[in-house]
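*Asks:* If you want my numbering, it's the 1-based position in the sequence shown plus 588.
Idealized CB from N, CA, C, for every residue including glycine.
Here the structure is a predicted model, which is why all the values come from computation and not from measurement.
The structure that follows is given in the form of structure tokens.
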Amino acid sequence: MTEPRDSKITLTYSSKWNDMSSRSGFEWGESIPEESMTMVLPGPEELNIYQLFEWYLKFLRHFGFNDKVIRKGLANHLFDTVVTDDELREIGKENGFITESDFFDKVEEEVKKKIEAKEEAGKDEVLAAIDHFFDKVEEEVKKKIEAKEEAGKDELLAAIDRL
Numbered sequence: 589m590t591e592p593r594d595s596k597i598t599l600t601y602s603s604k605w606n607d608m609s610s611r612s613g614f615e616w617g618e619s620i621p622e623e624s625m626t627m628v629l630p631g632p633e634e635l636n637i638y639q640l641f642e643w644y645l646k647f648l649r650h651f652g653f654n655d656k657v658i659r660k661g662l663a664n665h666l667f668d669t670v671v672t673d674d675e676l677r678e679i680g681k682e683n684g685f686i687t688e689s690d691f692f693d694k695v696e697e698e699v700k701k702k703i704e705a706k707e708e709a710g711k712d713e714v715l716a717a718i719d720h721f722f723d724k725v726e727e728e729v730k731k732k733i734e735a736k737e738e739a740g741k742d743e744l745l746a747a748i749d750r751l
């Protein structure tokens with residue numbers, strides 16, 4: 589185990605206008621011609637990545653960036669082309685999002701499933717319609733057979749009567 593170190597992180601920002609004549613905001617009391625900001629974080633080795641990041645966010649906010657711009661910059665950095673798809677998927681699992689390519693793959697898969705289900709349902713409807721058609725045909729054939737049988741019986745009875 590190493591001995592604790594006396595360490596610190598210092599972030600410094602300084603600015604000074606060189607040409608005051610082009611700074612109309614200064615003339616109206618809206619801007620500061622020179623500014624300096626320093627933030628010191630003692631003992632950073634004891635902090636985790638989340639704490640260090642929160643501290644840096646404070647610096648960015650003091651520097652004038654709003655949270656939306658900070659998130660946009662972080663996302664740009666996170667999703668840079670240097671990051672692999674596998675790394676993005678891992679981060680996505682941890683944070684509840686999926687990559688665009690995985691999203692489109694899932695959508696395509698769901699669409700295929702729905703099309704197949706509709707096709708299967710369509711097949712069932714066609715088969716049911718065919719069954720219904722043949723049931724009707726069978727009924728009609730039976731009626732005609734029965735009618736012929738009745739007609740045949742009537743002719744037979746009429747022939748018997750004639751005898």
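1) Taking the straight line between their C-alpha atoms, what separation do you get for Leu648 and Asn636?
2) Alpha carbons only, please: which of Glu726, Trp643, Lys711 is nearest the one belonging to Gly631?
3) Counting along the chain, where does the beta strand (DSSP E) carrying Leu629 start and finish?
4) In whole angstroms, give me the CA-to-CA distance for Glu622 and Thr600.
5) Just how far apart, CA to CA, sit Glu634 and Lys646?
6) Tell me which residue opens and which closes the alpha helix (DSSP H) that Ser603 is part of.
7) If you draw a straight line from the C-alpha of Ala753 to the C-alpha of Ile718, how long is it?
8) Go to Glu737, then tell me how far its alpha helix (DSSP H) extends in each direction, as first and last residue.
*Replies:* By the coordinates alone:
1) Taking the first residue of the sequence shown as 1, we reach residue 648 at position 60. Taking the first residue of the sequence shown as 1, we reach residue 636 at position 48. One C-alpha to the other measures close to 19 Å.
2) For this step, residue 631 is matched to residue 43 along the sequence shown. In this structure, Trp643 is the residue among Glu726, Trp643, Lys711 with its C-alpha nearest to the C-alpha of Gly631.
3) Here residue 629 refers to the residue found at position 41 when the sequence shown is read from its first residue. Counted as a single uninterrupted DSSP element, the beta strand (DSSP E) harbouring Leu629 occupies residues 622-630.
4) To locate residue 622, count along the sequence shown from 1; it is residue 34. To locate residue 600, count along the sequence shown from 1; it is residue 12. Glu622 and Thr600: Cα-Cα distance of roughly 14 Å.
5) On the sequence shown, residue 634 is found 46 positions in, with the first residue counted as 1. On the sequence shown, residue 646 is found 58 positions in, with the first residue counted as 1. Straight-line Cα distance between these residues: approximately 18 Å.
6) Mapped onto the sequence shown, residue 603 falls at position 15. Counting along the chain, no alpha helix (DSSP H) covers Ser603; the unbroken beta strand (DSSP E) around it starts and ends at 596-604.
7) Here the chain has residues from 589 to 751 only, and residue 753 is not among them.
8) Residue 737 sits at position 149 when you count from the first residue of the sequence shown. 688-750 is the extent of the alpha helix (DSSP H) around Glu737.
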